[in-house]
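Residue numbers (the numbering used here), protein chains in the order written: chain A, 1 to 313; chain B, 1 to 319. Worksheet: the structure to be examined is printed underneath.
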Amino acid sequence: MAGSTHALPTADVAARAEAARKRVSPGLESWRRFRRHRLALASAAILALIILTVVLGPLWWQVPINDIDFTARLAGPSWQHPFGTDDLGQDLLARLLYGGRISLGVGLAAMLVAVVAGTTVGALAGMSRGSVDAALMWLTDLFLSLPQLPLLLLIIYLFRDSLKALAGPEAGVYVLIVAVIGGFRWMPVARLVRAQFLSLREKEFVEAARALGASTTRVVVHHILPNALGPVIVAGTIEVAAAIIAESTLSFLGLGFPPDIPTWGRLLYDAKDYLDIAPHWALFPGAAIFLAVLTINFIGDGLRDTLDPRKVM
Amino acid sequence: MGRYLVRRLLIAIPSLIGISVVLFTVLALAPGDPFEELATNPNVPAAVRAALRVKFGLDDPIAIRYLRWFTAMLHGDWGFSFVSRIDVDVLILQRLPTTLFVIGSSQVLALLIALPVGIYAAARPYSIFDQIASTLAFVGFSLPTFFTGILFILIFSIYLDWLPFVYRTDISATGWQWYWEHIRQAAMPVAVLGLFQGASWTRYVRSSVLDVIRLDYVTTARAKGLAERDVIMRHVVRNALIPVVTLVALQMPAVFGGAIITEQIFRIPGIGSLLISSILANDTPTIMAVTFVFACLVIVFNLLADLIYGWLDPRITYR
């Protein structure tokens with residue numbers, strides 16, 4: 001008697017657990033795996049906080065970014081100016097919030113450009129054999145061996161004025177910087193996508209799709225691309241961090257956004273001559289860049305573990 | 001070996017030509033004009049301006065201008081710097097040794113950090129040391145060089161007042177004093193670049209050693225009764241370094257980018273700061289030449305990586 005009443009719930013629990021395991025969607029499963037990576041999880045939280053602050057912060061901290069106040073020149077952090085002021089007495093917190101929108105925005109947009117360009121080139125090279133593949137890979141290798149920073153500086157310097165005239169000072173520089181940074185960072189994605197395509201296109205399910213009469217476009221878009229997405233997502237995440245660094249570097253060298261648009265790199269550039277009297281001016285934007293890049297890199301690392309189905313977690 | 005080198009050099013030529021085409025196209029498409037100053041100067045008559053344009057061939061088709069520029073580069077005629085008033089090749093040769101010295105010593109520093117730390121961490125995966133080293137490596141390559149440079153100046157020059165933050169080539173001291181001054185002023189730039197590279201290489205070395213250390217031949221070496229030290233140093237590291245060399249070669253453009261930034265922060269008179277100043281001064285011949293030199297340096301380092309491959313992996317034959 002006792003045995004039978006016992007046996008029933010155990011079988012029931014086992015069956016329920018079985019059902020629960022089956023119901024887990026890929027997204028939920030990925031989330032379960034991502035949660036295991038504690039640093040990545042913490043980084044995701046911090047990055048979300050940074051993004052929220054930058055997006056919603058200006059609604060709450062309504063000090064204008066160009067409010068000049070010579071009585072508070074180069075002042076350290078205080079209640080009135082939590083992050084201090086610069087050499088014109090402009091509030092650094094307001095400038096950091098404003099700059100963060102641009103720095104993070106450039107990072108995301110440049111990543112999108114790089115991923116789209118890289119995926120297109122990689123998919124074209126991976127699907128076409130022979131001379132097209134060889135030519136595209138030669139192009140990729142050529143771009144990989146280009147000295148990127150000198151060329152970035154050169155292009156931005158040469159084209160800045162004409163784009164400014166074309167699209168206005170802010171939008172023109174924004175488009176230019178996003179296009180140029182993205183245009184010099186698509187190569188790793190292209191190589192990844194091509195490698196994925198080369199192995200995936202020989203798989204049975206692709207052959208089956210082809211046998212059923214699917215066109216090449218359909219095979220690529222519906223069957224190969226979704227399966228090649230994992231490494232691309234990881235590369236894209238790290239690409240955001242690289243693009244943020246690239247934008248900050250350009251601004252730091254004085255060749256990024258104009259002086260009246262305080263991106264994080266530009267703030268550092270302005271601050272570097274006042275290091276001895278106003279170190280806070282350099283430390284806050286520097287720390288902001290560092291935190292954003294570090295958290296994005298950790299998230300990328302976590303995603304790498306999450307999206308690799310062979311890794312047992 | 002000699003024939004391989006020649007073959008490899010021949011393969012490098014198309015890339016060099018490709019780079020020069022990219023460079024020249026960018027410059028030709030750009031709206032800037034080296035004769036802008038003349039055009040706005042009211043004292044220069046239109047006829048003189050036109051004659052000058054013809055003399056310098058500025059109105060020729062782009063292909064002809066490219067060919068002329070390329071043959072001139074081949075002849076060693078790199079143009080004349082509008083701003084510094086000397087030949088560009090002289091200017092670059094003056095500056096190049098400083099850049100190579102800073103980059104070279106920072107790469108040595110990076111190797112001295114990455115190899116021991118990466119190997120030690122991989123030999124004891126997931127130990128406390130490994131976790132600390134991996135986290136520090138992450139922090140290290142997430143810190144952009146311009147921020148580390150500023151932090152170093154803040155700490156070592158301003159608060160501690162140990163090191164100078166402006167790099168000088170005209171140090172008057174002689175003998176040991178001269179060397180000492182040089183080491184002191186190079187310490188911060190080399191550390192900034194070296195720590196950044198070292199951090200990312202540490203990760204490469206670690207993951208590559210981890211891949212190799214699980215292979216059967218390593219178990220065999222251990223089973224023969226070799227000391228762990230010999231197994232790691234003689235059997236594992238050599239094979240593990242092969243993929244690392246590829247990754248390092250791929251990172252060369254980034255290394256030169258980092259060098260430009262550090263030269264700018266510490267005011268090192270190398271070709272990186274020459275590039276920035278000539279861009280700001282609209283000095284076209286110098287910009288072209290310096291960018292081209294950077295491209296050549298990248299290709300030379302890729303070539304070096306290929307040669308190191310052959311030394312590390314005897315299965316690669318020089319054909």
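We treat Cβ as the ideally placed atom computed from N, Cα and C, and that holds for glycine. Small disclaimer: the values here were computed from a predicted structure and weren't measured.
Under 8 Å from the C-beta of residue i: neighbouring residues of chain B
i        : result
Pro279/A : Leu154 and Ile158
Tyr274/A : The premise fails here: Tyr274/A is roughly 11 Å from chain B at the closest Cβ pair, so nothing lies under 8 Å.
Phe290/A : Ser142, Leu143, Pro144 and Phe147
Asn297/A : Phe138, Phe141 and Ser142
Leu142/A : Ser15, Gly18, Ile19 and Val22
Distance CB(residue i)-CB(residue j) smaller than 8 Å
i        : j        : result
Ile261/B : Thr249/A : yes
His223/A : Pro77/A  : no
Gly130/A : Ala190/A : no
Thr85/A  : Leu92/A  : yes
Leu297/B : Arg95/B  : no
Asn297/A : Ala241/A : yes
Ile299/B : Ala12/B  : yes
Ile92/B  : Val255/B : no
Ala281/B : Val83/B  : yes
Ala249/B : Phe301/B : yes
Thr306/A : Ser128/A : no
Ala295/B : Pro147/A : yes
Leu255/A : Leu153/A : yes
Ala137/B : Ala199/B : yes
Thr145/B : Phe196/B : yes
Ile113/B : Leu268/A : no
Gly126/A : Trp264/A : no
Gly182/A : Ala292/A : no
Nearest-angstrom Cα separation, counted from residue j out to residue i
i        : j        : result
Phe156/B : Pro269/B : 21 Å
Ile276/B : Ser199/A : 44 Å
Met188/B : Met252/B : 20 Å
Leu275/A : Pro262/A : 18 Å
Gln131/B : Ile213/B : 18 Å
Ile155/A : Ser105/B : 30 Å
Leu74/B  : Ser20/B  : 12 Å
Arg85/B  : Arg168/B : 22 Å
Ala121/B : Gly140/B : 16 Å
Thr246/B : Pro314/B : 16 Å
Asp133/A : Val220/A : 16 Å
Gln264/B : Gly272/B : 7 Å
Leu229/A : Ala221/B : 40 Å
Thr120/A : Trp186/A : 10 Å
Pro169/A : Phe159/A : 12 Å
Phe83/A  : Gly300/A : 30 Å
Val173/A : Arg49/B  : 32 Å
Pro259/A : Trp79/A  : 26 Å
Leu8/A   : Leu108/A : Note on Leu8/A: pLDDT 48, under 50, position unreliable in the model; the coordinate value appears next. If I take the Cα positions, the gap works out to 54 Å.
Ala235/A : Asp60/B  : 44 Å
Thr174/B : Ile277/A : 34 Å
Leu312/B : Arg194/A : 28 Å
First and last residue of the uninterrupted alpha helix (DSSP H) at residue i
i        : result
Asn239/B : Val237 to Leu250
Leu109/B : Val88 to Ala123
Tyr309/B : Thr284 to Leu312
Gln90/A  : From DSSP, Gln90/A is part of no alpha helix (DSSP H); its letter is neither H nor E.
Lys55/B  : Ala46 to Lys55
Glu207/A : Glu204 to Ala211
Tyr217/B : Asp216 to Ala223
Met187/A : Met187 to Leu200
Val139/B : Ile128 to Ser142
Leu52/A  : Arg38 to Trp60
Gly79/B  : First-last for Gly79/B: undefined, no H or E at that position.
Pro14/B  : Gly2 to Leu29
Chain-ordered chain A contacts of residue i [CB-CB under 7 Å]
i        : result
Gln264/B : Leu253
Ala295/B : Leu146 and Pro147
Pro164/B : Near Pro164/B there are no residues of chain A at all, since even the closest Cβ is about 14 Å away, more than 7 Å.
Pro97/B  : Within 7 Å Cβ-Cβ: nothing; Pro97/B doesn't reach chain A, min ~19 Å.
Thr291/B : Pro147, Pro150, Leu151 and Leu154
Amino acids of chain B, ordered along the chain, whose beta-carbon sits closer than 7 Å to that of residue i
i        : result
Ala282/A : Ile150
Contacts that residue i makes with chain A (C-beta to C-beta distance below 9 Å)
i        : result
Phe82/B  : Correct list: empty, because the minimum Cβ distance to chain A is about 15 Å.
Ile261/B : Leu149, Thr249, Phe252 and Leu253
Near the ligand MN: residue i beta-carbon under 7 Å from a heavy atom
i        : result
Ala195/A : In the structure on display, the ligand MN does not appear, and there are no ligands present to speak of.
Chain-ordered neighbours of residue i on chain A, where CB pairs are closer than 8 Å
i        : result
Val298/B : Ser145, Leu146 and Pro147
Partners in chain B for residue i, counting only beta-carbon separations shorter than 9 Å
i        : result
Val193/A : Within chain B, no residue comes near Val193/A; the closest Cβ sits about 17 Å away, beyond 9 Å.
Contained alpha helix (DSSP H) runs [length at least 4] in the region 248-289 of chain A, N- to C-terminal order: 264-271
Complete alpha helix (DSSP H) runs within the region 111-182 of chain A (minimum length 4 residues, chain order): 131-144 and 148-167
Contiguous alpha helix (DSSP H) assignments of at least 4 residues, all confined to the region 144-205 of chain B: 145-152
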